[in-house]
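J.: This is the structure I have questions about; it appears just below.
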Ligand SMILES: Cc1cc2nc3c(=O)[nH]c(=O)nc-3n(C[C@H](O)[C@H](O)[C@H](O)COP(=O)(O)OP(=O)(O)OC[C@H]3O[C@@H](n4cnc5c(N)ncnc54)[C@H](O)[C@@H]3O)c2cc1C
Ligand code: SF4
């Protein structure tokens, strides 16, 4: 009977986490479980399931090698009739239900670090109560800011904005600071981070380091291919880091080969090139294989040693200590009510092609194909291709959210939900973003080569060659004009709408209605 049973969830694979504070291998033990429902409550892609399970099994082996007692529940390849159907049920099977003593190991106390999802936190609290065993939830030291820090920041503010949260964090931790001032005299080099590639393309790109699956990961791949055969995506190219050592090697590879061009091209898209200069570190960080302090320190060091320009280092660091911390704050500050927001009253179901990539729209086909192949798309593809299309078409935010949570290897709800619901769908009415990220096909044409291989014309809003993004863009502005007029940042776009010929707008709106009806 252990004194403390430390619960380690799939996105908490950090030996230095607060869960292990005071851990005594003589008296305490660890519990980890693979539970099918965690892969089916949203229809998770094969790469996402495989990454979580492979990283968990490697972490288990590491703890065992240290001599730590661990109760690890492996998912069987085929469904067992008596299999517990949820994380709570598996936990209760281990620790015993107070109603049916004396079954189970009955530890004196359960310990867990703050989970990354509201649903899981509630479920653990309820299970511990049912077992009659106290549950201690410890703060997650992985992040620079605590949930309480964010609540204090938000208190009394009418609006939340990244910039107001990001600057004090830079000051507090002395990141990219010189004599109390931001390095280079500017907090933000966003304007220098919007480059597109020349017409000839990006040229030779530094291929990111691959991590070939070892025997443990291959076992997981076989399991996922069998048990989750009907789930979307493929494992043919699975090469994600699954241990802390591999994650560190992935960071070093990024700092050396891609950070220098990250800033300039962070908003660019090139078809068939999924990685460009992006870091591919989100999943490793979100599973806690990698400490964001090491990531930020590495990027700052690369600048101080003269290996990368300040705008690249700042552009990257802003994502990690800015956006990543900010979205977590928004999530915990506004859940559970946040999840059901639908400020634009969107009502369409998610188009089926999001699960298959079977669409004529070249930009979407490219972003969706790589999502299904790798479980990855970079930020601008998520925001300005898949997200933009769903918002312009008027897809229900809850369905968009469930899709994003299912398909990406880095998807954990604290980071996925505010990005999807808030930043990309504007369903939170402006908490995350000061205006909807709405654009026509012309934006995608400017930032990528996708339109060159497409049967549609990005600048046309009506007619047989009209780009669906452009048709839906004008229709979106017209549908929401009354709401958007109150927003000064939308003035220019609404002025352009007013300039449009009335007859043309009638045609565009009819075409948009027909297109949307076809999607449903
Ligand atoms: C609709 C939508 C859904 C998203 N869902 C997720 C998700 O489930 N999980 C996730 O980690 N990120 C999510 N993001 C944010 C971002 O797209 C990914 O973090 C990024 O694409 C991961 O690739 P990378 O590691 O190569 O990132 P890079 O482009 O190299 O960026 C560096 C790091 O900055 C952080 N970062 C960058 N942008 C954001 C952001 N907006 N919010 C939080 N962190 C950020 C990530 O940790 C990332 O690894 C989403 C964005 C959108 C628009
Ligand atoms: S023309 Fe429109 S649909 Fe085709 S790639 Fe360009 S933006 Fe996408």
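In our numbering, the protein residues as written are 503 to 1022.
Glycine included, every Cβ here is placed at the ideal spot set by N, Cα and C.
Using the C-alpha atoms, what's the distance from residue 667 back to residue 651?
T.: 10 Å
J.: Reducing DSSP to helix, strand and coil, say where residue 679 ends up.
T.: Assigned with DSSP and collapsed to three states, residue 679 falls in strand.
J.: Can you give me the start and stop residues for the alpha helix (DSSP H) that residue 949 sits inside?
T.: Judged by DSSP secondary structure, residue 949 falls within the alpha helix (DSSP H) whose first and last residues are 943 to 949.
J.: Return yes when at least one heavy atom of ligand 3 lies under 7 Å from the C-beta of residue 816, else no.
T.: Judged by which ligands are present, ligand 3 is missing from the structure shown, whose ligands are ligand 1 and ligand 2.
J.: Return the first residue and the last residue of the alpha helix (DSSP H) that residue 654 is part of.
T.: That run of the alpha helix (DSSP H) goes 649 to 656.
J.: Go ahead and label residue 842 buried or exposed: buried means 16 or more other beta carbons lie within 10 angstroms of its beta carbon, across all protein chains shown.
T.: It counts as exposed.
J.: Sort 988, 870, 889 by Cα distance to residue 856 and report the nearest one.
T.: 870
J.: Can you give me the C-alpha to C-alpha distance between residue 647 and residue 832, rounded to a whole angstrom?
T.: 12 Å
J.: Please work out which residues of its chain come closer than 7 Å, Cβ to Cβ, to residue 937, disregarding the five sequence neighbours upstream and downstream, and give them in chain order.
T.: Result list for residue 937: 989, 991, 992, in chain order.
J.: Spatial neighbours of residue 677 within its chain, please: C-beta separation below 8 Å, excluding the five flanking residues on both sides.
T.: 671, 798, 802, 819, 823
J.: Beta-carbon within less than 7 Å of residue 977's beta-carbon, same chain only, minus the 5 sequence neighbours each way: which residues are those?
T.: So the list reads 1010, 1011, 1014, once near-sequence residues are dropped.
J.: Are residue 794 and residue 644 close, meaning C-beta to C-beta below 8 Å?
T.: yes
J.: In whole angstroms, give me the CA-to-CA distance for residue 918 and residue 907.
T.: 6 Å
J.: For residue 975, which residues of its own chain have a beta-carbon under 7 Å away from its beta-carbon, when the five flanking residues on both sides are left out?
T.: 894, 940, 941, 942
J.: Whole angstroms are fine: how far does the CA of residue 512 sit from the CA of residue 910?
T.: 15 Å
J.: Answer with buried or exposed for residue 872, where buried requires no fewer than 16 other C-beta atoms within 10 angstroms of its C-beta.
T.: buried
J.: Answer yes or no: the CB of residue 469 versus the heavy atoms of ligand 1, is any distance below 7 Å?
T.: A query on residue 469 cannot be resolved here, the shown segment of the chain reaching from 503 to 1022 and no further.
J.: Ignoring anything shorter than 4 residues or poking outside the region 758 to 785, list the alpha helix (DSSP H) runs there in chain order.
T.: Here the runs fully enclosed are 761 to 767.
J.: Once DSSP output is grouped into helix, strand and coil, what is the label at residue 864?
T.: helix
J.: Straight-line CA distance for residue 590 to residue 509?
T.: Approximately 12 Å between the Cα atoms of the pair.
J.: Any heavy atom of ligand 2 closer than 7 Å to the CB of residue 960?
T.: yes
J.: DSSP on residue 635, reduced to helix/strand/coil?
T.: coil
J.: Thinking just about the alpha-carbon of each residue, which of 612, 845, 779 is nearest to the one in residue 766?
T.: 779
J.: Please list, in chain order, all residues of the same chain as residue 921 whose beta carbon is under 7 Å from its beta carbon, the five residues on each side excluded.
T.: 829
J.: Would you call the region 516 to 531 and the region 540 to 556 in contact, with 3 or more CB pairs under 8 Å?
T.: no
J.: In three-state terms, what does DSSP make of residue 612?
T.: strand
J.: Closer than 7 Å: is that where the CB of residue 882 sits relative to any heavy atom of ligand 2?
T.: Ligand 2 never approaches residue 882 closely enough for any of its heavy atoms to be under 7 Å from the residue's Cβ.
J.: Mapping the DSSP letters down to three states, classify residue 968 as helix, strand or coil.
T.: strand
J.: Which class does residue 575 belong to by DSSP, given the choice of helix, strand or coil?
T.: Looking at residue 575 - three-state DSSP - the assignment turns out to be strand.
J.: For residue 925, is the beta carbon positioned less than 7 Å from some heavy atom of ligand 1?
T.: yes
J.: Need the endpoints of the alpha helix (DSSP H) that residue 829 sits in, please.
T.: Note, residue 829: alpha helix (DSSP H), 826 to 836.
J.: Between residue 640 and residue 826, what straight-line distance do the alpha-carbon atoms span, to the nearest angstrom?
T.: 20 Å
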